[in-house]
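Shown next, in structure tokens, is the structure this report addresses.
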Amino acid sequence: MMITGHTKTLAILADPVTHVRTPQALNARFAAESVDAVLVPLEVPPAALEFILKGLAGARNFAGAVVTVPHKTAVPALCDALSARAAAAQSVNVIRRKADGSLYGDILDGEGFTRGLEQVDVTLSGKRVFLAGAGGAASAIAFALSERGIKALTIANRSIDKAEALITRLAAHFPDVEFAAATNPAGHDIAINGTSLGLKPEDGLPFDPDALDLGTLVAEVIMQPVITPLLRAAEARGLTIHPGHHMLEAQLTEMLRFLTHEEEEK
30 MMITGHTKTL AILADPVTHV RTPQALNARF AAESVDAVLV PLEVPPAALE FILKGLAGAR
90 NFAGAVVTVP HKTAVPALCD ALSARAAAAQ SVNVIRRKAD GSLYGDILDG EGFTRGLEQV
150 DVTLSGKRVF LAGAGGAASA IAFALSERGI KALTIANRSI DKAEALITRL AAHFPDVEFA
210 AATNPAGHDI AINGTSLGLK PEDGLPFDPD ALDLGTLVAE VIMQPVITPL LRAAEARGLT
270 IHPGHHMLEA QLTEMLRFLT HEEEEK
């Protein structure tokens with residue numbers, strides 16, 4: 030694809046950026062569908078996030094951005110408007126620059142994650158789910174799971190206050206779901222890593238797979254490596270695993286539409 034002055038320029042904001050897979054996947058979709066756009070990876074430390082994003086918003090051919098670790102929960106405050114689900118989750122993973130230079134944020138992680146499970150015939154309604162993490166991706170996933178009619182959701186996080194704050198927001202929207210803040214993953218149908226643990230070789234496990242029931246499905250949000258230490262340990266126990274690439278693949282179409290088309294905001 031030839032990049033010209035007419036090309037919509039998009040960025041992915043991450044730190045580190047070497048593990049991201051979205052540029053490869055989305056640029057391939059742009060080429061296949063003859064979309065005149067390019068997604069460029071930018072390694073942005075947290076201290077520079079506001080400066081970088083405001084600078085990008087001033088460029089008239091900057092169309093938007095994908096946001097990933099560790100910026101998802103910092104970006105909402107830097108957007109001029111948010112979708113209802115991004116406001117509820119207090120997390121953003123896509124930004125669209127409007128014609129007037131303002132920034133509109135949305136979160137597609139939760140929808141992508143749940144669709145990824147459904148595409149491999151995992152039923153979510155009525156299930157008991159354990160979720161490690163209460164940050165950007167985890168919050169979005171918690172809301173999307175609750176929308177799918179799960180029976181119960183246990184949230185484990187290093188900061189119990191953060192887990193309880195997320196539960197308070199969830200309970201206001203989903204009074205029929207049983208929410209708890211706890212660290213024991215036993216007794217759940219699905220156990221999810223919604224943290225960044227697994228990106229680095231020296232990372233510990235987000236939860237103990239030996240504590241899981243033998244019928245539990247273990248799912249990841251980490252995309253690279255494809256088989257994280259958690260998934261490797263779960264597989265060694267004979268548990269069914271669900272790698273993180275399913276989440277990206279399931280939300281690519283939504284991501285492409287959001288970043289390259291003006292649409293009604295909700």
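No gaps in the numbering here: position 169 of the sequence shown is 198 in this note's numbering, and each next residue is one more. The beta carbon of each residue, even a glycine, is placed where N, CA and C say it ideally should be. If you're wondering where the values come from, they're calculated on a predicted model, not measured in any experiment.
| Asked | Found |
| --- | --- |
| Bridge partners of residue 134, per DSSP? | 111 and 124 |
| Closest to residue 255 by C-alpha separation, out of 96, 242 and 230, would be which residue? | 230 |
| Under DSSP, the alpha helix (DSSP H) around residue 157 begins and ends at which residues? | Counting along the chain, residue 157 falls outside any alpha helix (DSSP H), though it belongs to the beta strand (DSSP E) covering 157-161. |
| Round the Cβ separation of residue 203 and residue 183 to the nearest angstrom and send it over; I've been treating them as touching at under 8 angstroms. | Their Cβ separation, rounded to whole angstroms, is 14 angstroms, which puts residue 203 and residue 183 out of contact at 8 angstroms. |
| Would you mind working out which of 78, 75 and 186 sits nearest residue 223, comparing C-alpha positions? | 186 |
| List, from N- to C-terminal side, the alpha helix (DSSP H) runs of 4 residues or more that fit wholly inside the segment 180-233. | 189-202 |
| With DSSP as the reference, label residue 248 as helix, strand or coil. | strand |
| Under the assumption that residue 163 contacts residue 195 (Cβ atoms under 8 angstroms), give the Cβ distance between them as a whole number of angstroms. | 5 angstroms |
| In three-state DSSP terms, what is residue 72? | strand |
| Would you call the segment 67-78 in contact with the segment 32-41, where contact means no fewer than 3 C-beta pairs closer than 8 angstroms? | yes |
| Nearest CA to the CA of residue 120: which residue from 130, 32 and 99? | 99 |
| Spatial neighbours of residue 266 within its chain, please: C-beta separation below 8 angstroms, excluding the five flanking residues on both sides. | 238, 239, 241 and 243 |
| For residue 83, does the count of other Cβ atoms within 10 angstroms reach 16, so buried, or fall short, so exposed? | exposed |
| DSSP beta-bridge partners for residue 42? | 71 and 96 |
| Between residue 60 and the rest of its own chain, which residues show a CB-CB distance below 7 angstroms, the 5 nearest in sequence each way excluded? | 30 |
| Quick check on residue 37: does DSSP put it in helix, strand or coil? | strand |
| Please state if the CB of residue 245 and the CB of residue 268 are separated by a distance shorter than 7 angstroms. | yes |
| Mind checking which residues open and close the beta strand (DSSP E) that includes residue 270? | 269-271 |
| With residue 213 and residue 165 assumed to form a contact (beta carbons below 8 angstroms), what rounded beta-carbon distance in angstroms separates them? | About 24 angstroms; that fails the 8 angstroms criterion. |
| Where does the unbroken alpha helix (DSSP H) through residue 175 begin, and where does it stop? | 165-176 |
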